[in-house]
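What follows is a single structure, written as structure tokens, with notes after it.
2 protein chains.
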Amino acid sequence: MKEEIQLFRKTLNRLSNLSNDSFDKLYSILEFRSLKKKEFLIKEGEICRNLYFVNKGMVRTYLIQDGIEVTTWVALAGNFDTSAHSFFKGIPSLTNLQAITDCELIFISKNAYEQVLSTLPEGKDLALNILQEYYINLENMFYSCLSLPALERYNKLGELFPEHFKCVPQKYLASMIRVKEATMSRLRKKLSQPDTEEV
Amino acid sequence: MKEEIQLFRKTLNRLSNLSNDSFDKLYSILEFRSLKKKEFLIKEGEICRNLYFVNKGMVRTYLIQDGIEVTTWVALAGNFDTSAHSFFKGIPSLTNLQAITDCELIFISKNAYEQVLSTLPEGKDLALNILQEYYINLENMFYSCLSLPALERYNKLGELFPEHFKCVPQKYLASMIRVKEATMSRLRKKLSQPDTEEV
DNA sequence: GGTAAAAATTGATGTAGGTCAACAACATTT
DNA sequence: AAATGTTGTTGACCTACATCAATTTTTACC
């Protein structure tokens, strides 16, 4: 198998049992794209017409509220990514998707996606499994940013998304748990210091 | 058609084109349950084995963080409801689902759900559409509670979920936008007063 | 390898919304 | 219709985190 497609195939295997035949069909409609760091996949207001798979690099989702960028997610290599509301409903995206490293993406258009659903026997199961997984991810992000104090949100993020914790730059992690970079830095300092005193 | 099933049928029609034949098959496996106000559908730690439809009343989802109840959603009549992570993955629920009025529920078990997916021709499309809609709802809840100040979160909730705004008690709305009841009351007061002065 | 840009740290100060507590307005039960 | 519980309002005070700004550290680029 072509080398650049192995991660993709592996991910699909995790999500569903795709026959070789089906995979070959799917493969024939895949498209490819590279992004330089800081380039945009989608900007707010545009309609997101593709479902992406991050083959290399990281893509962050953020929106702007009261003039401030709020990062809501970072898609790591080996995961699907899109602006869901925009892709599924064909409405303008509320969010921006931006490469935070150089990236290699695999993607299919909405049309191709619908073709996959209607022609591949495993297509709908695959889509259901992807959606389920992403729904649960979103729940986790949501639940971990509710009413906990900043330090606990920080720890929770580490628990739930250890991979992100390792590779995503601090400033984006900070934004994901809704604290400012300065506060984030203080949290880290507090955690690294061998418990001075707490009165 | 039986009266008690009309809202359910109407909702399914909105989400997918279910043939009469398929609907009859589906109907034959539906189960029914009533809940008194304050009764629980699911408690944290239990495994949620059913997919519910709220036929009458309201069910709220909440979790407890640092000893405080945080309401994350209220399912109004005419909508599906479950503890998604628990139902789909068969793991203990992080959330509690509690009736906030007397309720009438229609539900199917996980087994029945899988039967629907594999036997009804429209089953998977239906499931996909439900999941899509709920994913987008969750995104909306998530995005509207990010970094906006309390007053803007309040307004946003009103925009995005006008039905909820009308029928859900203040204390739950407050919790949904992550403010305390006291603060919520002050927000409402501020909005109702004909702009005294803002310096 | 030197310079510029980006990311992270630290200090001083400010404030939105939390906390606590008392009370008022409704609802529900008997 | 009295009693009890639930929900919403208001006041006085407090604190976790934001803000602003200066500096250091790290990374990226001719």
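Chains as they are written, first to last, in the working numbering: chain U, 1 to 199; chain G, 200 to 398.
Built from N, CA and C at the ideal position, the CB exists for glycine as well.
Predicted model, so just to flag it, every value in this text is computed and none were measured.
I need the boundaries of the alpha helix (DSSP H) containing residue i, first residue and last residue.
i	result
asparagine 212/G	205 to 214
arginine 188/U	181 to 192
arginine 352/G	349 to 359
serine 19/U	Element bounds for serine 19/U: n/a, residue is neither H nor E.
isoleucine 130/U	123 to 144
serine 175/U	170 to 176
Taking Cβ-Cβ distances shorter than 8 Å, what residues in chain G pair up with residue i?
i	result
tyrosine 154/U	Simply none; closest approach about 14 Å.
leucine 63/U	Tyr342, Leu345
lysine 25/U	By Cβ distance, chain G contributes nothing, its closest Cβ being about 18 Å from lysine 25/U, past 8 Å.
Which partner residues does residue i have in the DSSP bridge list?
i	result
isoleucine 42/U	Leu97/U
lysine 255/G	Glu303/G
leucine 250/G	Ile307/G
phenylalanine 279/G	Phe252/G
valine 273/G	Arg259/G
glutamine 65/U	Ile68/U
phenylalanine 32/U	Ile106/U
proline 92/U	Ile47/U
Give every residue of the same chain whose Cβ lies closer than 6 Å to the Cβ of residue i, excluding the five residues on either side of it in the sequence, and list them in chain order.
i	result
serine 285/G	Ile246, Cys247, Ser292
threonine 210/G	Gly277
threonine 230/U	Residue 230/U lies beyond the range of chain U shown here (1 to 199); nothing can be said about it.
glutamate 380/G	Lys370, Ala373
isoleucine 42/U	Cys48, Ser83, Ser93, Leu97
threonine 71/U	Arg60, Tyr62, Tyr172, Ser175, Met176
glutamate 268/G	Tyr261
glutamate 198/U	For glutamate 198/U, the pLDDT reaches just 41, beneath the cut-off of 50, and the residue's location in the model is therefore unreliable, although a value from the coordinates is still provided. Cβ within range, chain order: n/a, list empty.
lysine 236/G	Ala298, Thr300, Asp301
lysine 309/G	Arg248
tryptophan 204/U	This structure gives no information on residue 204/U, because the portion of chain U shown stretches from 1 to 199.
serine 221/G	Leu319, Glu321
arginine 387/G	none
Near residue i, what residues of its chain come up, given a Cβ to Cβ distance below 7 Å and the 5 sequence neighbours on each side ignored?
i	result
leucine 140/U	According to the sequence provided, residue 140/U is asparagine. The question's leucine does not apply to it. Only Leu160 meet the Cβ criterion.
alanine 112/U	Ile29
lysine 56/U	Ala77, Cys103, Glu104
glutamine 392/G	none
glycine 289/G	Ile246
lysine 323/G	Leu316
phenylalanine 8/U	Phe53, Asn55, Ile106
Which same chain residues end up closer than 8 Å to residue i when comparing Cβ atoms and leaving out the 5 residues on each side of it in sequence?
i	result
lysine 190/U	Leu151
proline 169/U	Ile100
leucine 18/U	Leu12, Leu26, Leu120, Glu122, Leu126
glutamate 133/U	Leu15
glutamate 362/G	Leu275
glutamate 44/U	Leu63, Ile64, Pro92, Ser93, Leu94, Thr95, Asn96
asparagine 239/G	Here residue 239/G is phenylalanine; the residue named in the question, asparagine, does not match the sequence. Around phenylalanine 239/G: Asn295, Leu296, Gln297, Ala298.
methionine 257/G	Val273, Ala274, Leu275, Ala276, Ala298, Ile299, Thr300, Cys302, Cys366, Val367
leucine 347/G	Lys355
Cβ of residue i within 8 Å of Cβ of residue j?
i	j	result
leucine 200/U	isoleucine 108/U	No answer is possible for residue 200/U: the residues shown for chain U start at 1 and end at 199.
leucine 372/G	leucine 138/U	no
arginine 352/G	isoleucine 335/G	no
serine 343/G	leucine 356/G	yes
valine 253/G	aspartate 280/G	yes
phenylalanine 341/G	phenylalanine 142/U	yes
glutamine 65/U	leucine 214/G	no
leucine 327/G	alanine 127/U	yes
isoleucine 329/G	phenylalanine 231/G	no
Using a Cβ cut-off of 8 Å, pull out every chain U residue sitting near residue i, in sequence order please.
i	result
arginine 377/G	Leu146, Ser147
threonine 271/G	Phe142, Tyr143, Leu146
lysine 255/G	Under the 8 Å cutoff, chain U gives no residues; its nearest Cβ is about 26 Å from lysine 255/G.
lysine 242/G	The premise fails here: lysine 242/G is roughly 16 Å from chain U at the closest Cβ pair, so nothing lies under 8 Å.
lysine 201/G	The contacting residues do not exist; lysine 201/G stays about 30 Å from chain U at best.
Can you list the residues of chain G that residue i reaches, using a CB-CB cut of under 9 Å?
i	result
lysine 208/U	Residue coverage of chain U in this structure runs from 1 to 199, which leaves residue 208/U outside it and unanswerable.
alanine 84/U	Gln331, Tyr334, Ile335, Glu338
lysine 189/U	In chain order: nothing, as chain G lies at least about 22 Å away.
For residue i, which residues in chain U fall below 7 Å Cβ to Cβ?
i	result
leucine 293/G	Tyr143
leucine 250/G	Per Cβ cutoff of 7 Å: no residues; leucine 250/G is ~12 Å from chain U at best.
alanine 326/G	Leu128
lysine 209/G	Under the 7 Å cutoff, chain U gives no residues; its nearest Cβ is about 21 Å from lysine 209/G.
How would you list, in chain order, the residues of chain U whose beta-carbon sits under 9 Å from the beta-carbon of residue i?
i	result
aspartate 265/G	Ser147, Leu148, Pro149, Glu152
lysine 288/G	Gln132, Ile136
lysine 235/G	Within chain U, no residue comes near lysine 235/G; the closest Cβ sits about 27 Å away, beyond 9 Å.
lysine 365/G	Within chain U, no residue comes near lysine 365/G; the closest Cβ sits about 24 Å away, beyond 9 Å.
What does residue i touch in chain G if you count any residue whose Cβ is under 7 Å from its own?
i	result
lysine 110/U	None at all; the shortest Cβ gap to chain G is about 13 Å.
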